[in-house]
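There are 2 protein chains.
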Amino acid sequence: MTERRDLAAMLHPLVKALIAAEIRALEPHGISMWAYVVLSALDDGPVRTQAALAEAVGADKTRIIGTLDRLQEAGLITREPDPGDRRARLLAITDAGRRRRRAAQADIQEGEELLLATLSPGDRAAFLRVAETLANNVGP
Amino acid sequence: MTERRDLAAMLHPLVKALIAAEIRALEPHGISMWAYVVLSALDDGPVRTQAALAEAVGADKTRIIGTLDRLQEAGLITREPDPGDRRARLLAITDAGRRRRRAAQADIQEGEELLLATLSPGDRAAFLRVAETLANNVGP
DNA sequence: TATTGTTATACTCTATAACTATA
DNA sequence: TATAGTTATAGAGTATAACAATA
Chain A
1 MTERRDLAAM
11 LHPLVKALIA
21 AEIRALEPHG
31 ISMWAYVVLS
41 ALDDGPVRTQ
51 AALAEAVGAD
61 KTRIIGTLDR
71 LQEAGLITRE
81 PDPGDRRARL
91 LAITDAGRRR
101 RRAAQADIQE
111 GEELLLATLS
121 PGDRAAFLRV
131 AETLANNVGP
Chain B
1 MTERRDLAAM
11 LHPLVKALIA
21 AEIRALEPHG
31 ISMWAYVVLS
41 ALDDGPVRTQ
51 AALAEAVGAD
61 KTRIIGTLDR
71 LQEAGLITRE
81 PDPGDRRARL
91 LAITDAGRRR
101 RRAAQADIQE
111 GEELLLATLS
121 PGDRAAFLRV
131 AETLANNVGP
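Which chain is which? The protein sequence lines are A and B, in order. Residue numbers for the first sequence, in UniProt numbering: 1 to 140. Residue numbers for the second sequence, in UniProt numbering: 1 to 140.
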């Protein structure tokens with residue numbers, strides 16, 4: 001094998017920079033990183049319990065409660081007791097939430113494109129393809 | 001632009017998994033992640049102050065002190081006052097440190113290869129090339 | 001007075017445990 | 001009694017501020 005740097009050593013600073021840029025991009029939209037993650041998850045479809053949502057976004061169930069409080073307060077999600085089992089909370093994104101999330105995502109990806117623009121079309125496509133593959137191989 | 005997932009959303013779980021694997025790989029070598037990072041930086045050449053080393057590895061200067069204490073105690077680095085300015089500490093890796101670091105790196109990259117093995121040779125090369133490029137574009 | 005390294009303190013993020021309400 | 005959600009507590013990691021030694 002030809003010599004190379006460690007994957008983590010290369011990708012960790014990159015991810016740190018991406019997250020910092022994402023936080024800056026989210027600020028004008030008035031939502032936190034966790035709020036964005038939650039909205040993104042709910043944009044794929046409603047979820048029946050907060051624990052399931054937490055699991056889907058890779059968080060502890062206690063960690064998203066404040067986020068859900070604020071998203072509900074802002075009218076970006078709905079959160080109602082399941083009539084069939086009033087312990088559970090049915091979670092769904094609202095139209096306003098969907099608009100907010102998609103506007104935020106457009107800004108985030110616009111920033112990311114500045115980085116990707118330095119790549120050849122072939123490298124860009126290969127990198128995105130591999131990133132998706134590896135992210136899926138590695139579990140949630 | 002064709003639709004795609006956010007870079008951070010793909011790469012963050014990947015990096016988390018890589019770091020977790022790295023920590024497991026380092027355990028038999030008896031060094032922490034920060035110790036490995038410090039050894040790797042010093043394997044590229046000695047450094048004249050702890051602050052410069054901290055900066056080089058993306059850490060706060062107060063955060064690496066305990067790590068340096070342990071590395072020195074274990075004989076993996078040397079750390080002596082600069083005769084020309086006794087406030088500064090000259091830092092260098094020892095032969096034992098170099099051996100430890102390289103053995104650790106071999107194990108780490110062996111684990112990473114399991115992931116990369118799923119890729120076509122072209123995708124593998126492109127991914128490593130792009131990761132290096134982006135990591136450099138993004139600052140230290 | 002300024003700089004290097006160190007120690008002490010506080011803050012943020014996260015996880016664990018204890019509690020409530022429903023079943 | 002078991003489960004979903006919430007609140008309270010504690011732990012890890014990090015950054016900031018105060019301190020000691022040297023210049």
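Even for Gly, the Cβ is constructed at its ideal location relative to N, Cα and C.
Quiz item: Closest Cβ-Cβ distance between residue 4 (chain B) and chain A: below 8 Å?
Solution: Taking the second sequence and counting its residues from 1, the one referred to as residue 4 (chain B) is at position 4. For residue 4 (chain B), the answer is yes, since a Cβ of chain A falls inside 8 Å of its Cβ.
Quiz item: Around the Cβ of residue 97 (chain A), are there at least 16 other Cβ atoms within 10 angstroms (buried) or fewer (exposed)?
Solution: Here residue 97 (chain A) corresponds to residue number 97 of the first sequence, with the count starting at 1. Its Cβ being crowded by 16 or more others within 10 Å, residue 97 (chain A) is buried.
Quiz item: Going along the region 100-119 of chain B in order, which residues come within less than 9 Å of chain A, judged by CB to CB distance?
Solution: 105, 108, 109, 112, 113, 115, 116, 118, 119
Quiz item: How big is the Cα-Cα spacing for residue 51 (chain A) and residue 74 (chain A)?
Solution: The residue given as residue 51 (chain A) occupies position 51 in the first sequence. The residue given as residue 74 (chain A) occupies position 74 in the first sequence. Rounded to the nearest angstrom, the gap between the Cα atoms of residue 51 (chain A) and residue 74 (chain A) is 21 Å.
Practice problem: Let me know the secondary structure DSSP gives residue 76 (chain A) once reduced to three states. | Solution: Counted from its first residue, the first sequence places residue 76 (chain A) at position 76. Coil, per DSSP.
Self-check item: residue 67 (chain B) at chain A interface by Cβ criterion, 8 Å
Solution: For the purposes of this step, residue 67 (chain B) is taken as residue 67 along the second sequence, with counting starting at 1. It does not: the Cβ of residue 67 (chain B) has no partner Cβ on chain A nearer than 8 Å.
Quiz item: Which residue spans inside the region 49-98 of chain A form an unbroken alpha helix (DSSP H) run of at least 4?
Solution: Unbroken alpha helix (DSSP H) stretches of 4 residues or longer found wholly inside the region 49-98 of chain A: 50-56, 65-73, given in chain order.
Practice problem: Look at residue 64 (chain A) and residue 53 (chain A) and say whether their C-beta atoms are less than 8 Å apart. | Solution: Stepping through the first sequence from its first residue, residue 64 (chain A) is reached at position 64. Stepping through the first sequence from its first residue, residue 53 (chain A) is reached at position 53. Yes, the pair counts as a contact, with Cβ atoms nearer than the cut-off.
Self-check item: Beta carbon of residue 39 (chain B) nearer than 8 Å to that of residue 79 (chain B)
Solution: In the second sequence, residue 39 (chain B) corresponds to position 39, counting from 1. In the second sequence, residue 79 (chain B) corresponds to position 79, counting from 1. Contact: no.
Self-check item: Which of helix, strand or coil DSSP assigns to residue 144 (chain B)
Solution: Nothing can be reported for residue 144 (chain B), as the shown portion of chain B is limited to 1 through 140.
Quiz prompt | Three CB pairs or more closer than 8 Å across the region 20-37 of chain B and the region 117-131 of chain B | solution = no
Quiz item: Quick one: does residue 38 (chain A) have its CB under 8 Å from some CB of chain B?
Solution: Here residue 38 (chain A) refers to the residue found at position 38 of the first sequence. For residue 38 (chain A), the answer is no, since every Cβ of chain B falls outside 8 Å of its Cβ.
Exercise. Can you have a look at residue 67 (chain A) and say buried or exposed, based on whether 16 or more other CB atoms are within 10 angstroms of its CB?
Key: What you label residue 67 (chain A) is simply residue 67 of the first sequence in a count that begins at 1. Classification for residue 67 (chain A): buried.
Exercise. Out of A:131, A:58, A:127, A:33, state which residue places its alpha-carbon closest to the alpha-carbon of residue 19 (chain A).
Key: One-based indexing of the first sequence puts residue 19 (chain A) at position 19. Ranking the options by Cα distance to residue 19 (chain A), first place goes to A:33.
Quiz item: Can you find a C-beta in chain B that's less than 8 Å from the C-beta of residue 73 (chain A)?
Solution: Counting from 1 along the first sequence, the entry for residue 73 (chain A) is found at position 73. So no, residue 73 (chain A) is outside the interface.
Quiz prompt | Partner residues on chain A for residue 132 (chain B), Cβ-Cβ distance less than 7 Å | solution = Counted from its first residue, the second sequence places residue 132 (chain B) at position 132. The answer, in chain order, is 5, 10.
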